[in-house]
Amino acid sequence: MTVEGSPERFSEPRTIEFSGRNQKTPQTKCCSPTLKIFIGLLAFCYFTKSLTGAYTKSTITQIERRFEIPSSTAGIIDVSFEMGNLLVITVVSYFGAKFHRPKIIGAGVLLMGIGTLLMALPHFIMSQYKYDTAAAHSNDADNFTVSSTCSSDNQSTVQQLVSGCLKGESESSPMWVIALFGNILRGIGEASIGPLGMSFIDDYARPENSAFYIGCLHTLGVIGPIFGYSLGSLCASLYVDIGLVDQESVTITPQDSRWVGAWWLGYVVSGLLTLLAALPLWFLPRALPENPQTSKLDNASNQHKHTLSITEIAKDFGPSLKRLLTNGIYLLYLVYSVLALNAFTIVITYTPKYLEQQFGQSASKTNFLIGVTSIPAATLGMFLSGWIMKRFKLSLLGSTRLMFFSSVTTLVCTIPYFALSCENIDVAGVTVPYQGSVEVQDISHGLLTSCNADCGCPDFQWDPVCGQNGVTYISPCHAGCNSTRGAGQNMTFHGCTCIQSWGLTSGTSTAVLGQCSRETSCTKMFYIYLALQSLAFFVYSLGTVPFFLISLRFCLICFHHIVRQMLHLLVPYFQLHLLYLIQFHILYNL
1 MTVEGSPERF SEPRTIEFSG RNQKTPQTKC CSPTLKIFIG LLAFCYFTKS
51 LTGAYTKSTI TQIERRFEIP SSTAGIIDVS FEMGNLLVIT VVSYFGAKFH
101 RPKIIGAGVL LMGIGTLLMA LPHFIMSQYK YDTAAAHSND ADNFTVSSTC
151 SSDNQSTVQQ LVSGCLKGES ESSPMWVIAL FGNILRGIGE ASIGPLGMSF
201 IDDYARPENS AFYIGCLHTL GVIGPIFGYS LGSLCASLYV DIGLVDQESV
251 TITPQDSRWV GAWWLGYVVS GLLTLLAALP LWFLPRALPE NPQTSKLDNA
301 SNQHKHTLSI TEIAKDFGPS LKRLLTNGIY LLYLVYSVLA LNAFTIVITY
351 TPKYLEQQFG QSASKTNFLI GVTSIPAATL GMFLSGWIMK RFKLSLLGST
401 RLMFFSSVTT LVCTIPYFAL SCENIDVAGV TVPYQGSVEV QDISHGLLTS
451 CNADCGCPDF QWDPVCGQNG VTYISPCHAG CNSTRGAGQN MTFHGCTCIQ
501 SWGLTSGTST AVLGQCSRET SCTKMFYIYL ALQSLAFFVY SLGTVPFFLI
551 SLRFCLICFH HIVRQMLHLL VPYFQLHLLY LIQFHILYNL
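For the sequence shown, full-length UniProt numbering assigns the number 1 to the initial residue and increments by one for each residue that follows.
Quick look at the structure:
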């Protein structure tokens, strides 16, 4: 078998032996019904895998709050998927290609489903979630502590809160290790889907259709995040202990920074879907039926059949890898890969949290809107990318130009982001002073003034209320409120002396639970940001299919024919996960 050193088009004829079985030449390949079934099932696997991955991105904030862990630890949970993948991808790609590939993929998807369900397990063995609040410390909505409102008797409670804070009573839960292990299992299971699935398609699909099929697979892989973010939106709107506590007793809302949604529920749903996707793959044949018209060609080809050995791979792998890594163009391609993956991963991981903080949106709303705007735009871009590759039969140079156009245009679309921002909300004693009050004590951020100095308010508790004056106070006590009415999320506070200092009467000096809403202009900027991000996602996705195929083509050029037969589809996936692991999680999470 020979491969040209500088191929002109991705669709040029080639013969690649990947599984110990000599494959047909392009003239003998056909798209049989079995191949279409395999592509459909593989697309469903891509869907469930990407659904779970997107759901993890959308619920990362909920996981941080539930386990009380920092962002760096949450980053370790996220990166564990790549760790598990890198551990086995080489072994799975080599030995899996020598056996029944559909069944190997099915086993991997089954392991992914088990790992996904394992990530939900901590919820069922942990105690109920308890958030810090001065309004209620029990499931009984009418059982308030004395620190909820202004009272001189609060001093003892303050001392307890301070003592508890200094002693570190709020510690992170070790149960996050179970979620970590479950995500590692997901990564191990995913290792077989890409290399073995692509090699199976590459063996039986016509070369001119390969790019289109890859585009379709990646399109289905991006549809998954639409449902993943939508599922994340739904689960984030449900209280974490739904079914175990009286919802009327919950005094916080999804907009509150202490809110924890039902993060575990999405893993149960996606885990069951993943298990369902694994079953049909076990009933597919090891190889597709032969074309009767080409049986003579197949018999002649079988005379040259050659089974790869580990010794042959080890002998030729080193020189081939050296040729690849000393190729200047390929090194530039790696630099592009790092920068492109860097930008995409940061956006997809931190956009929900950014929208929550910058525009004051709830996790439920941000996840839903990302799922129905940006992700469909990316899906359309990927599909169009595969169609362009097939329609115009782009060469290596043409594919590079398409990637360049995609990158530059994406950069232009993101520049207006810097002009879209909102003012900080007015928080008394933090961003704005207490109106009409003279500061009498400077504790931390000057939270105590004449209107609340005698209330004995705790300084280590965030339990915000919104006053009638449009100012947020860090607790009812700091607002000088003297009484409460109602229960749960409908609780209101009255007789707030710090609100009266703004010129309001005692009858209107009330406050409600939660932070005050941002100005209307902030909401408009939020939707403008979503529109620009959707456009950027669409343009960026135009470069995804050529991105993968260029890496594949470099391996076909630089690897010796023996190693090429086995590893030409492994290297792109190994490179993708390795770069993702190194450049993002280490630099930005740890």
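Every residue, glycine too, gets a C-beta built ideally from N, C-alpha and C.
8 Å Cβ cutoff met for residue i and residue j
i	j	result
Met83	Pro122	no
Cys451	Val539	no
Leu180	Ile76	yes
Ala120	Gly360	no
Gly480	Cys498	yes
Leu532	Pro416	yes
Tyr267	Thr61	no
Gln515	Pro464	yes
Ser421	Ser541	no
Tyr473	Ala419	no
Pro352	Ser58	yes
Leu265	Ile178	no
Gly96	Leu196	yes
Val88	Ile184	no
Glu68	Ser173	yes
Leu217	Tyr46	yes
Leu355	Thr366	yes
Asn377	Phe537	Checking the sequence shown, residue 377 turns out to be Ala, not Asn. The answer is yes: Cβ separation under 8 Å.
Trp259	Thr251	no
Ser406	Gly543	yes
Tyr129	Val222	no
Tyr213	Ile550	no
Leu34	Leu279	Position check: residue 34 holds Thr in this sequence, whereas Leu was assumed. Cβ atoms of Thr34 and Leu279: not closer than 8 Å.
Glu190	Gly243	no
Leu396	Arg186	no
CB-CB length for residue i against residue j, believed under 8 Å
i	j	result
Ser509	Gly495	7 Å
Leu402	Leu411	Wrong, their Cβ atoms sit about 15 Å apart, outside the cutoff.
Ser230	Val92	That pair is no contact at about 31 Å.
Ala74	Ala236	Wrong, their Cβ atoms sit about 15 Å apart, outside the cutoff.
Val512	Thr492	5 Å
Leu284	Gly261	So it is not a contact: roughly 38 Å between Cβ atoms.
Met389	Pro546	6 Å
Thr90	Ala277	With a Cβ gap of about 24 Å, Thr90 and Ala277 do not count as contacting.
Arg286	His100	5 Å
Glu64	Ser72	That belief does not hold up - the Cβ atoms of Glu64 and Ser72 are roughly 10 Å apart, past 8 Å.
Collapsed DSSP secondary structure at residue i in the structure displayed
i	result
Gly194	helix
Gly514	coil
Gly261	strand
Ser421	coil
Val430	coil
residue 599	For residue 599 there is no data in the structure shown, the boundaries of the chain being 1 and 590.
Ser509	coil
Ser127	coil
Ser521	helix
Leu111	helix
Chain C within 8 Å of residue i, Cβ atoms only
i	result
Phe493	Although the question refers to chain C, the structure presented lacks it and comprises just one protein chain.
Heavy atom of the ligand GTP within 7 Å of residue i beta-carbon
i	result
Asn482	Among the ligands in the structure shown, none appear at all, so the ligand GTP cannot be discussed.
Requested in this report: Evaluate the contact criterion for the region 217-230 versus the region 371-379: three or more CB pairs, one atom per stretch, below 8 Å.
Outcome: yes
Requested in this report: Please specify which runs of the alpha helix (DSSP H), each continuous and at least 4 residues long, are wholly inside the region 48-107, giving them in chain order.
Outcome: 60-67, 71-97
Query raised in the report: Counting pairs of Cβ atoms below 8 Å between the region 44-53 and the region 109-120, do you hit three or more?
Result: yes
Query raised in the report: Which runs of the alpha helix (DSSP H) spanning at least 4 residues fall entirely within the UniProt domain "Kazal-like" (445-500), listed in chain order?
Result: 497-500
Query raised in the report: Is there contact between the region 36-43 and the region 197-214, where contact requires at least three CB pairs shorter than 8 Å?
Result: As far as the Cβ criterion goes, the region 36-43 touches the region 197-214, which means the pair count is three or higher.
Query raised in the report: Which parts of the region 176-259 are runs of the alpha helix (DSSP H), unbroken and 4 residues or longer, counting only runs that do not cross its ends?
Result: Along the region 176-259, the alpha helix (DSSP H) occurs as fully enclosed runs of 4 or more residues at 176-190, 193-204, 207-236, listed in sequence order.
Report task. Could you name each continuous alpha helix (DSSP H) segment of 4 residues or more that falls completely within the region 325-371, going from the start of the chain to the end? Result -> Counting only runs that start and end inside the region 325-371, the alpha helix (DSSP H) elements of at least 4 residues fall at 328-359.
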